[in-house]
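**Q** The numbering used here applies: residue 439 is where the sequence shown begins, and numbers increase by one. From the three backbone atoms N, C-alpha and C, an ideal C-beta is built for every residue, glycine too. Here you go, one structure.
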Amino acid sequence: MPHSWWRTGTVYQIYPRSFQDSDGDGVGDLEGVRRRLDYLVWLGVDAIWLSPFYPSPMQDFGYDVSDYCDVDPLFGSLARFDALVGEAHAKGLKIIIDFVPNHTSNAHPWFLASKSARSDPKRDWYLWRDPAPNGGPPNNWFSHFGGGAWSWDEQTQQYYLHSFLPEQPDLNWRNPQVRAAMHDVLRFWLRRGVDGFRVDVISHIVKDAAFRDNPANPGWTGEGPDIIRLAQTYSSDQPEVHDVIAEMRRVVDEFDDRLLIGEIYLPIERLVAYYGKELQGVHLPFNFQLLDARWNAAEIGRLIEKYEAALPQGAWPNWVLSNHDRPRIAARVGSAQARIATMLLLTLRGTPTLYYGDEIGIGHVDIPADRIQDPWAKREPDVGVGRDPSRTPMQWDAGQFAGFSTREPWLPLTPDRETRNVATMRDDDSSILALTRKLLHYRRERAPLNKGEWRLLCSSDDILAYERVSGEERAFVALNFCSEPRSCALPTTAGATITISTHGGRCGEAVGTVLCFRRDEGVLLSSP
Ligand code: NOJ
Ligand code: MG
């Protein structure tokens, strides 16, 4: 299947709490997503990835799962989920769901059994250890959300490991019963028709068998969250994880044409190992390089070339600009450059993942102290504003609650919601929404963009230009990363015409050997 849907298509990430509320509780839900499917078809995406909607105490907003095979009443029900899948499929959209294998909620019946007694049959389903000789935790590992990664259980007199919140105990993936139970979870959803999984922190699921201390992180400057004090030598990316993933892949391959995406924050050399031996790992290890890249044409040109060169034979690339854990792209690079970023994301080689709300250019949103929701922000208040600013509700219209809900939403809307919303922007040809839509549709129709080769033409501090080639067909992309007009000699594009400009207009304009840009402008050209 050289060009299956997940290669040529675009994935759209929905954070269900924040997309559309259908029952007036201020929190988005599955029925809300179903009602907005026509918008997604109009926009031109191919697949939806839903962040977790499972029953959960919501300590980490659903990434603390207490039942893998059901839907939290806040989000709906299995019947609502089935209706969503059925309708999405009828409209030609695929559904990818979040799978959270590293940890459960501490309210999951498996953990309740496991902590009930050392002799419980599920004791070994989690990572229990005796104290260190001094009575303290078994090793020096930190939680990603601040503080130590071990919590003491008074009743059974042992520590359990939690890489995230104490309410998110880590499962023991070395235990075959855990693997079998989790495989059945995958099958449960595959039978219900889901087209794939985004697997949460997949590189963390296997830990060092001896739980050795992590060494110091030589790059640590004395600041930032606890987790970066140490290198994660023994708590993540263990060699044995690849067999566990290959096994997961075989389960997914019991069904036709399904997709596995892995959430993996690792340097490229280690990231590409997750395609697996003979590409039998995840189909797409998320490529997060653009999340941290310095916003500079030369830098980004280098990073793309390095990534392209590191891909194993036959491996398919992918690109991400923002997600529910990281600052929104417009918050990071500003609203003008967010258009450049959108053109970049949708014209690189490989599957793009577009984060909901980025198509209307939602930027930084101030979260008043009394409205902070993110558990990480509450545990490590000094390290920044947390993840709430990236999770604010989608803005649909200029109404009181932006068409998201009939009451005050769980997180604030943006101050410019009266203009920054779908209804207002959809008919404005110069809006970022119109740009995103044009790019999505053009990408879908044109082989150079959805499957062609990628070649660098030029990368200076300000201008990044590349071509995409499929057979005889060619497309060129040239991006001005600077907030002043620029020009650039690009002999290869002579005779081509502008098809899309990030700032509207110029469509059909023929270019000579020198290409002129307005400030912050990107152009997509098609060959003569
Ligand atoms: C990664 C998820 O994207 C994040 O939102 C979550 O808090 C952690 N994993 C823990 O599940
Ligand atoms: Mg609701």
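Curious, which full-length alpha helix (DSSP H) runs of at least 4 residues does the region 523-573 contain?
**A** 547-554
**Q** Would you say the beta carbon of V465 comes nearer than 7 angstroms to a heavy atom of the ligand MG?
**A** yes
**Q** At which residue ranges does the region 830-898 contain complete alpha helix (DSSP H) runs of 4 or more residues, listed in the order of the chain?
**A** 860-863, 870-883, 885-888
**Q** How long is the line joining the alpha carbons of P705 and I666, rounded to whole angstroms?
**A** 15 angstroms
**Q** Can you give the beta carbon distance from P886 to S908, rounded, assuming they're within the 8 angstroms contact cut?
**A** 4 angstroms
**Q** If you follow the beta strand (DSSP E) that D730 is in, where does it begin and where does it stop?
**A** Here D730 belongs to no beta strand (DSSP E); instead the alpha helix (DSSP H) covers 727-730.
**Q** Mind reading off the beta-carbon distance from H541 to D608? Whole number of angstroms is fine, and I expect it under 8 angstroms.
**A** 5 angstroms
**Q** Quick one, are the C-beta atoms of N577 and D651 less than 8 angstroms apart?
**A** yes
**Q** In this structure, what does DSSP give as the bridge partners for R472?
**A** R472 pairs with nothing; no bridge assigned.
**Q** Three or more C-beta pairs closer than 8 angstroms, one from the region 634-652 and one from the region 591-611: is that the case here?
**A** yes
**Q** Under a three-way DSSP split, which group does I665 fall into?
**A** helix
**Q** Whole-angstrom Cβ separation of H582 and S589, contact assumed at under 8 angstroms?
**A** In fact, because the Cβ distance is near 14 angstroms, the residues do not count as touching under 8 angstroms.
**Q** Hey, would you say the C-beta of D638 is under 7 angstroms away from at least one heavy atom of the ligand NOJ?
**A** yes
**Q** Would you kindly work out how many angstroms separate the C-alpha atoms of L516 and E469, rounded to a whole number?
**A** So the two alpha carbons sit approximately 11 angstroms from each other.
**Q** Please name the residue or residues paired with W382 in a DSSP beta bridge.
**A** Nothing about residue 382 can be read from this structure; the chain reaches only from 439 to 966.
**Q** DSSP on S456, reduced to helix/strand/coil?
**A** helix
**Q** Suppose only complete runs of 4+ residues qualify. What are the alpha helix (DSSP H) ranges in the region 675-716, listed by chain order?
**A** You should have 679-690, 706-709.
**Q** Quick check: I452 and V479, are their CB atoms within less than 8 angstroms of each other?
**A** no
**Q** So, is the C-beta of A570 closer than 8 angstroms to a C-beta in chain B?
**A** Absent from the structure is chain B; it holds one protein chain and no more.
**Q** Below 7 angstroms CB to CB, which residues in the same chain sit around W627 once its five sequence neighbours on both sides are set aside?
**A** Taken in chain order, the residues that qualify are I535.
**Q** Which value, in whole angstroms, describes the spacing of the CA atoms of S674 and S641?
**A** 6 angstroms
**Q** Of all the beta strand (DSSP E) runs that stay within the bounds of the region 613-639, which reach a length of 3 or more residues?
**A** 634-637
**Q** Decide if P755 is buried, meaning its Cβ has at least 16 other Cβ atoms within 10 Å, or exposed.
**A** buried
**Q** Which same chain residues, not among the five before or five after M439, have their C-beta less than 6 angstroms away from its C-beta?
**A** Note that M439 scores 48 on pLDDT, short of 50, meaning its location in the model is unreliable; the coordinates nonetheless yield the value given after this. So no residue of the chain qualifies.
**Q** Determine, using beta carbons only, whether F569 and Y597 come nearer to each other than 8 angstroms.
**A** Residue identity check: residue 569 is Pro in the sequence provided, not Phe. Cβ atoms of P569 and Y597: closer than 8 angstroms.
**Q** DSSP three-state label for Q775, please.
**A** helix
**Q** In angstroms with no decimal places, state the Cα-to-Cα distance between T862 and F842.
**A** 14 angstroms
**Q** Using a threshold of 7 angstroms, is the CB atom of D459 nearer than that to any non-hydrogen atom of the ligand MG?
**A** yes
**Q** Determine which residues share a DSSP beta bridge with R924 and list them.
**A** F955
**Q** Since A913 sits in a beta bridge, which residues does DSSP pair it with?
**A** A913 pairs with R906, S964.
**Q** Run through DSSP, which three-state label would A932 get?
**A** coil
**Q** Work out the CA separation of A736 and G942 for me, nearest whole Å.
**A** 25 angstroms
**Q** In the DSSP assignment, the alpha helix (DSSP H) including Y745 goes from what residue to what residue?
**A** 735-748
**Q** Taking all protein chains shown into account, decide if S925 is buried (16 or more other Cβ within 10 angstroms of its Cβ) or exposed.
**A** exposed
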